[in-house]
Amino acid sequence: MSFASQSFLTAADDPAPPEKIRTVEGITEYSLANGMKVLLFPDPSSPKVTVNLTLLVGSRHEGYGETGMAHLLEHMLFKGTPTHQNIPKELQARGAQFNGTTWYDRTNYYETLPATEDNLEFALKMEADRMMNSYVKAEDLASEMTVVRNEFERGENSPSRMLMQKVMASAFEWHNYGKSTIGNRADIERVPIDRLKSFYKKYYQPDNAVLIVAGKFDTDEALKLINQYFGTIPKPERKLDKTYTEEPPQEGERIVTLRRIGEVPVVGVVYHIPAAAHKDMAALDVLESTLTDDPSGVLYQALVKTKKASSVSGSLFALHDPGVLRLMVEVIKGNDPQVILGIMFDTLQTVRDKGIPAEDVARAKEKLLKQYEQAENNSSRLAVELSEWVSMGDWRLRFLYRDA
């Protein structure tokens, strides 16, 4: 089974020009006739241009026997197309920094290049080509399997990563957030090539993609090229059904214990939180910072400063569907992990009862706002960051968070 190269529309069937939807904070959203969304963020001060193609498919969309398929496909899309036989080599020849990543709600491919019209056209043409015409062949799958297997085994050899994977599986018994993006070993190693191709053809279509271009470029020229290479791709006839599995409310705490040989015990607490679009998410981000920041965080003060732990970390899994807030602690040898866990619970209960001092909240807000400002002053970074907000539900959430 093979896919023929995507045919472009004839001159008589030229697509309608991109429709301007809105402009927010210097970012303008357009819609192509085939359903594809485009975000343009011109930055004349930058010597670079970044092209970021985000597909709204991640591990959340995988079916039974398909775990790891979105991530595996991400690797396969660097194997080339009939037109672009060696994508990494072509990008390197142009001095590009590039990568692809997979997460629960999305997959993205991006490259940052010196800002020239030729480089911009190359990147747009190449991304449109590999979105539709990538080699997804059995021989490439076999060769890439070693790379993916090594990545899988690195995760297996990390006690903290394996603990987090087990905790997520416990937190999400029904929703796919309980499955890691790397997938199950058997699914990865035994996936039929035809099934991988079907997954590719289903999700890698213009109506499931968001193209982000940021940096130094001419807007009119960029829109012309985007419509030339992406706008000419026909809108697919298939309809994508929305995922609808909802994790039921948890009844009581769940405890996960992972026993591994090693000298650095790790303990943690995970709490369910709303979906990223919820009005309380910005407050949760500030809360996480006040808990774990070095040196002012209350958990840092209770555990690291007292020499009971070597580190405290937190992560807010702000996702399309309800996610989790994760708090992790690396315990210093000689301390009882259960005692450390008890201190965590006591400290968090004190926060619930007494709240966070106003000066700590202000400090956390200042830190987070500085991070937003740094991204806004780096168009390449913002272009890649927008993938997350797009996959959460709407790229404008980023600015609602900032201004909350």
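FYI, in the numbering used here the residues of the sequence shown are 169 to 572. In this text, a Cβ means the ideal position worked out from N, Cα and C, and glycines have one as well.
Alpha-carbon spacing of residue i relative to residue j, whole angstroms
i           : j           : result
residue 219 : residue 380 : 6 angstroms
residue 469 : residue 523 : 15 angstroms
residue 491 : residue 182 : 43 angstroms
residue 474 : residue 432 : 17 angstroms
residue 564 : residue 196 : 11 angstroms
residue 400 : residue 286 : 20 angstroms
residue 266 : residue 279 : 4 angstroms
residue 552 : residue 502 : 42 angstroms
residue 442 : residue 346 : 15 angstroms
residue 206 : residue 268 : 19 angstroms
residue 256 : residue 247 : 8 angstroms
residue 251 : residue 228 : 31 angstroms
residue 337 : residue 321 : 18 angstroms
residue 479 : residue 511 : 14 angstroms
residue 367 : residue 550 : 29 angstroms
residue 352 : residue 323 : 12 angstroms
residue 141 : residue 430 : Outside the shown range of the chain (169 to 572) lies residue 141, about which nothing can therefore be said.
residue 191 : residue 314 : 44 angstroms
residue 232 : residue 396 : 38 angstroms
residue 304 : residue 370 : 13 angstroms
residue 513 : residue 226 : 33 angstroms
residue 187 : residue 310 : 42 angstroms
residue 440 : residue 354 : 29 angstroms
residue 258 : residue 459 : 45 angstroms
residue 542 : residue 518 : 33 angstroms
residue 507 : residue 386 : 60 angstroms
residue 184 : residue 403 : 13 angstroms
residue 329 : residue 497 : 13 angstroms
residue 340 : residue 308 : 33 angstroms
residue 448 : residue 521 : 19 angstroms
Assumed close pair residue i, residue j - CB separation to whole angstroms, cut-off 8 angstroms
i           : j           : result
residue 377 : residue 561 : With 8 angstroms as the limit, residue 377 and residue 561 do not qualify as a contact, their Cβ atoms being about 16 angstroms apart.
residue 134 : residue 515 : This structure cannot settle anything about residue 134, because the visible part of the chain is limited to 169 through 572.
residue 415 : residue 342 : 6 angstroms
residue 199 : residue 249 : With 8 angstroms as the limit, residue 199 and residue 249 do not qualify as a contact, their Cβ atoms being about 26 angstroms apart.
residue 264 : residue 281 : 5 angstroms
residue 238 : residue 270 : 5 angstroms
residue 372 : residue 300 : 7 angstroms
residue 559 : residue 224 : 6 angstroms
residue 344 : residue 242 : At roughly 17 angstroms, the Cβ-Cβ gap does not stay under 8 angstroms, so residue 344 and residue 242 are not in contact.
Candidates the options: closest to residue i by CA position
i           : options               : result
residue 201 : 276, 398 and 237      : 398
residue 273 : 563, 556 and 519      : 556
residue 446 : 390, 489 and 467      : 489
residue 539 : 472, 457 and 486      : 457
residue 348 : 332, 422 and 191      : 332
residue 428 : 485, 337, 325 and 344 : 325
residue 425 : 570, 199 and 334      : 334
residue 253 : 294, 208, 230 and 537 : 294
residue 260 : 290, 238 and 237      : 290
residue 505 : 419, 542, 471 and 330 : 471
residue 537 : 507, 569 and 214      : 569
Sequence-distant residues of the same chain with beta carbon closer than 8 angstroms to residue i, five excluded per side
i           : result
residue 193 : 544 and 567
residue 461 : 468, 531, 532 and 535
residue 327 : 426, 428, 430, 432 and 434
Cutoff 7 angstroms; reference residue i; Cβ partners in own chain excluding five residues on either side
i           : result
residue 464 : 528 and 531
residue 169 : No answer about residue 169 holds up, because its pLDDT of 34 lies below 50 and its placement is not dependable.
Check whether residue i and residue j have beta carbons under 8 angstroms apart
i           : j           : result
residue 509 : residue 435 : yes
residue 222 : residue 276 : yes
residue 216 : residue 384 : yes
residue 240 : residue 408 : no
residue 211 : residue 481 : no
residue 526 : residue 499 : no
residue 316 : residue 356 : yes
residue 388 : residue 203 : no
residue 292 : residue 189 : no
residue 486 : residue 572 : no
residue 350 : residue 312 : no
residue 390 : residue 288 : yes
beta-carbon residue i near the ligand FMN non-hydrogen atom, thresh 7 angstroms
i           : result
residue 495 : Of ligands this structure carries none, so the ligand FMN is not represented either.
Close Cβ partners of residue i (< 6 angstroms) along its chain, the five nearest in sequence each way excluded
i           : result
residue 483 : 494
residue 554 : 380 and 563
residue 422 : 338
residue 296 : 397 and 398
residue 298 : 245 and 249
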